[in-house]
Amino acid sequence: MKAIVHVDKNWGIGRGNSLMFRLPADMKFFKDTTTGNTVVMGANTLRSFPGGRPLKDRLNIVLSSTLNEVPGALVAKDENELFKFIVEKSEGEVYVIGGARVYELLLPYCDSVLVTKVDAVGDADAFFPDLDRLKNFVCQSQSPVQLTNGYNISFCTYVNRNVKPLP
Ligand SMILES: NC(=O)c1ccc[n+]([C@@H]2O[C@H](COP(=O)([O-])OP(=O)(O)OC[C@H]3O[C@@H](n4cnc5c(N)ncnc54)[C@H](OP(=O)(O)O)[C@@H]3O)[C@@H](O)[C@H]2O)c1
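Taken in order, the sequence shown gives residues 560 to 726; the numbers are from our numbering.
Right, here's the structure in full:
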């Protein structure tokens with residue numbers, strides 16, 4: 560399982576249940592990476608999508624104790640059901656796609672994290688754990704900086720040297 564996220568200089572990921580930046584190059588990277596695979600998200604992240612609908616061409620799993628049915632997605636009512644769905648129903652690679660609560664819950668089980676670093680500060684109210692401060696995680700590679708919609712971004716891969724197996 561992997562996580563995929565974009566962060567600002569403070570590891571901020573969102574504000575007011577939406578993203579802080581429009582990053583076409585990162586959106587393309589996200590779509591190319593996750594299409595044909597499984598995405599795992601929390602209920603708030605699902606709500607933040609256009610129309611509150613799951614993503615196309617991916618198996619969507621939503622973690623929520625309150626949502627009953629979501630057309631086009633599997634709903635896991637707790638982490639045990641989520642792990643069962645991942646083992647029994649996932650397709651291709653499993654990507655954790657947010658938000659803050661779900662990243663924090665599943666980070667120990669991720670073998671790597673694809674982090675798009677945005678060279679900006681976005682006044683966030685939701686954050687990803689600072690991987691540079693977690694000794695399990697090391698930055699394995701970082702792309703050259705590129706400009707998208709006025710923002711300098713680079714793509715980094717962090718690997719987890721102490722991955723927890725799924726229960
Ligand atoms: N920068 C990025 O790459 C990125 C990516 C994704 C999201 N985001 C941002 O992240 C922010 C949202 O983060 P968030 O932490 O508020 O929301 P979230 O993680 O998307 O969703 C939280 C919800 O998920 C459900 N949940 C979480 N853990 C659960 C568990 N163990 N069992 C059952 N349900 C569980 C709960 O829903 P119920 O209340 O229904 O039980 C909880 O309220 C937004 O600003 C969004 O734009 C940023």
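Glycine is no exception: its CB is placed at the ideal position from the N, C-alpha and C atoms. Since this is a predicted model, take the numbers as computed values, not measurements.
Per DSSP, the bridge partner or partners of residue i
i, result
"T716", "L673 and S700"
"G657", "G657 is not bridged to any residue."
"M560", "In DSSP, M560 forms no bridge with anything."
"F686", "G571"
"V621", "M600 and V634"
"S577", "R574"
"Y710", "T707"
"V727", "Outside the displayed range of the chain (560 to 726) lies residue 727, so it cannot be described from this structure."
"V566", "K676"
Beta-carbon spacing of residue i, residue j below 8 Å
i, j, result
"H565", "T675", "yes"
"K568", "V680", "yes"
"I712", "D585", "yes"
"F642", "I572", "no"
"R606", "N576", "yes"
"V599", "P613", "no"
The beta strand (DSSP E) enclosing residue i, as first and last residue numbers
i, result
"K648", "From DSSP, K648 is part of no beta strand (DSSP E) but of the alpha helix (DSSP H) over E638 to K648."
"A632", "A632 to A635"
Bounding residues of the alpha helix (DSSP H) (the contiguous stretch that carries residue i)
i, result
"M600", "Premise fails: M600 lies in the beta strand (DSSP E), T597 to G601, not in any alpha helix (DSSP H)."
"F608", "It is not in any alpha helix (DSSP H) - F608 carries neither H nor E in the DSSP assignment."
Cβ shell of residue i (< 7 Å), same chain only, five flanking positions each side left out
i, result
"G651", "G595, N596 and T597"
"G658", "I572, G573, G601, N603, T604 and A685"
Contacting residues, own chain, Cβ-Cβ under 8 Å from residue i (five flanking each side not counted)
i, result
"I645", "M560, T597, V599, I620, V653 and L725"
"P688", "W570, Y662, E663 and L666"
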